[in-house]
Amino acid sequence: GENVEQHPSTLSVQEGDSAVIKCTYSDSASNYFPWYKQELGKGPQLIIDIRSNVGEKKDQRIAVTLNKTAKHFSLHITETQPEDSAVYFCAASREYKLSFGAGTTVTVRA
Amino acid sequence: NAGVTQTPKFQVLKTGQSMTLQCAQDMNHNSMYWYRQDPGMGLRLIYYSASEGTTDKGEVPNGYNVSRLNKREFSLRLESAAPSQTSVYFCASRREGDTQYFGPGTRLTVL
Numbered sequence: 001g002e003n004v005e006q007h008p009s010t011l012s013v014q015e016g017d018s019a020v021i022k023c024t025y026s027d028s029a030s031n032y033f034p035w036y037k038q039e040l041g042k043g044p045q046l047i048i049d050i051r052s053n054v055g056e057k058k059d060q061r062i063a064v065t066l067n068k069t070a071k072h073f074s075l076h077i078t079e080t081q082p083e084d085s086a087v088y089f090c091a092a093s094r095e096y097k098l099s100f101g102a103g104t105t106v107t108v109r110a
Numbered sequence: 001n002a003g004v005t006q007t008p009k010f011q012v013l014k015t016g017q018s019m020t021l022q023c024a025q026d027m028n029h030n031s032m033y034w035y036r037q038d039p040g041m042g043l044r045l046i047y048y049s050a051s052e053g054t055t056d057k058g059e060v061p062n063g064y065n066v067s068r069l070n071k072r073e074f075s076l077r078l079e080s081a082a083p084s085q086t087s088v089y090f091c092a093s094r095r096e097g098d099t100q101y102f103g104p105g106t107r108l109t110v111l
């Protein structure tokens, strides 16, 4: 089955700086790559996604890049704010079934 | 729209007890999913239902059963709970396309 690895497991950044989270996947047939944000005690919430026919996608302060050849995709958050503190999960999808990374706990220091 | 709702929010069971976790969605989605979330392991797929009347195993189905009661509801049953099933359980539903929407979760402790 699909194996998704996510790094780093924890990330502490100064408010205003950028945060980058990286994921790799193993199944070349995976074709959809969402990123979820999870706040304490809540369910995961989709923040951005990218499909395999696209190399980069941006939504305000959040961007995702995909390198299909290397089976690698990344989340970039610019101008971080305290409300960006949360756990972030990457995932890879094949046939509408998601495989998740282990998560990155992001802390934004004021 | 309430989106995806789950009941109960919290549950404590003794080893060997049974229980059913309930999930409902009001978005008219065809597909529904059950995941479990354990520390340091992300979310893992237990079972899914591509459409009303169909269910399939995911990555970690052992010890669980599911029922797709109708298009709105998808329940997860633990017949004989074990401490290894202590986890947070999430239900999700999917519209046509790829995006899955998650419920708030059920935190289950098995003693």
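Chains A and B supply the protein sequences, listed in that same order.
Following the numbering used here, the numbering of the first sequence begins with 1 at its first residue and continues without gaps.
Following the numbering used here, the numbering of the second sequence begins with 1 at its first residue and continues without gaps.
Ideal Cβ positions, reconstructed from N, Cα and C, are used throughout, including at glycine.
Remember, predicted model here, so these are calculated numbers, not experimental data.
Distance, residue j Cα to residue i Cα
| i | j | result |
| --- | --- | --- |
| P104 (chain B) | Q22 (chain B) | 12 Å |
| M41 (chain B) | A102 (chain A) | 5 Å |
| N67 (chain A) | G55 (chain A) | 7 Å |
| N65 (chain B) | L78 (chain B) | 7 Å |
| R61 (chain A) | T78 (chain A) | 5 Å |
| Y35 (chain B) | S28 (chain A) | 23 Å |
| G63 (chain B) | C91 (chain B) | 17 Å |
| R72 (chain B) | G41 (chain A) | 24 Å |
| S26 (chain A) | T69 (chain A) | 11 Å |
| L11 (chain A) | F74 (chain B) | 36 Å |
| R68 (chain B) | S9 (chain A) | 35 Å |
| R94 (chain A) | S52 (chain A) | 11 Å |
For residue j and residue i, believed in contact at Cβ under 8 Å, the rounded distance
| i | j | result |
| --- | --- | --- |
| A92 (chain A) | E2 (chain A) | 6 Å |
| L98 (chain A) | L45 (chain B) | 7 Å |
| F73 (chain A) | F89 (chain A) | The Cβ separation is near 12 Å, so there is no contact. |
| S19 (chain A) | V106 (chain A) | For the sequence presented, residue 19 (chain A) should be read as Ala rather than Ser. Indeed, because the Cβ distance is near 6 Å, the residues count as touching under 8 Å. |
| V88 (chain B) | L13 (chain B) | At roughly 14 Å, the Cβ-Cβ gap does not stay under 8 Å, so V88 (chain B) and L13 (chain B) are not in contact. |
| T80 (chain A) | V4 (chain A) | Incorrect: roughly 24 Å between the Cβ atoms, too far for contact. |
| D98 (chain B) | Y96 (chain A) | 7 Å |
| T24 (chain A) | K71 (chain A) | 6 Å |
| I47 (chain A) | K57 (chain A) | Not a contact, Cβ separation roughly 11 Å. |
| V112 (chain A) | D84 (chain A) | For chain A, the structure presents residues 1 to 110; residue 112 (chain A) sits outside this window and is missing. |
| T55 (chain B) | A24 (chain B) | No, T55 (chain B) and A24 (chain B) are not in contact; Cβ-Cβ is about 16 Å, not under 8 Å. |
Chain B residues whose Cβ lies nearer than 9 Å to that of residue i
| i | result |
| --- | --- |
| D49 (chain A) | D98 and T99 |
| G1 (chain A) | E59 |
Sheet register partners of residue i (DSSP bridge)
| i | result |
| --- | --- |
| S12 (chain A) | A:T107 |
| N117 (chain B) | Nothing can be reported for residue 117 (chain B): it is not among the residues displayed for chain B, which extend from 1 to 111. |
| S30 (chain A) | Answer is none; S30 (chain A) lacks a bridge partner. |
| R94 (chain B) | B:S31 and B:Q100 |
| M19 (chain B) | B:L78 |
| E95 (chain A) | Per DSSP, none; premise fails for E95 (chain A). |
| Q45 (chain A) | A:K37 |
| D84 (chain A) | In DSSP, D84 (chain A) forms no bridge with anything. |
| I21 (chain A) | A:L75 |
| R44 (chain B) | B:R36 |
| K57 (chain B) | B:Y47 |
| L111 (chain B) | DSSP output for L111 (chain B) lists no bridge partner at all. |
| S87 (chain B) | B:L108 |
| E5 (chain A) | A:T24 |
| A24 (chain B) | B:T5 and B:E73 |
Amino acids of chain B, ordered along the chain, whose beta-carbon sits closer than 8 Å to that of residue i
| i | result |
| --- | --- |
| L46 (chain A) | T99, Q100 and Y101 |
| Y32 (chain A) | D98 |
| Y88 (chain A) | Correct list: empty, because the minimum Cβ distance to chain B is about 11 Å. |
Beta-carbon neighbours of residue i, restricted to chain B and to distances below 7 Å
| i | result |
| --- | --- |
| F100 (chain A) | G42 and L43 |
| K57 (chain A) | Those do not exist, as K57 (chain A) stays about 13 Å from chain B at its closest Cβ, beyond 7 Å. |
| S12 (chain A) | Within chain B, no residue comes near S12 (chain A); the closest Cβ sits about 18 Å away, beyond 7 Å. |
| S26 (chain A) | Within 7 Å Cβ-Cβ: nothing; S26 (chain A) doesn't reach chain B, min ~14 Å. |
| S93 (chain A) | D98 |
Within chain A, partners of residue i - CB distance below 9 Å
| i | result |
| --- | --- |
| P104 (chain B) | G41, K42 and G43 |
Partner residues on chain A for residue i, Cβ-Cβ distance less than 7 Å
| i | result |
| --- | --- |
| R94 (chain B) | Y96 |
| S49 (chain B) | Correct list: empty, because the minimum Cβ distance to chain A is about 11 Å. |
| Q31 (chain B) | According to the sequence shown, residue 31 (chain B) is Ser rather than Gln. What S31 (chain B) touches in chain A: Y96. |
Short CB-CB distance (under 8 Å) between residue i and chain D
| i | result |
| --- | --- |
| G103 (chain A) | As a matter of chain content, chain D is missing from the structure shown, whose protein chains are A and B. |
Suppose only complete runs of 3+ residues qualify. What are the beta strand (DSSP E) ranges in the stretch 48-78 of chain A, listed by chain order? 56-59, 62-67 and 72-77
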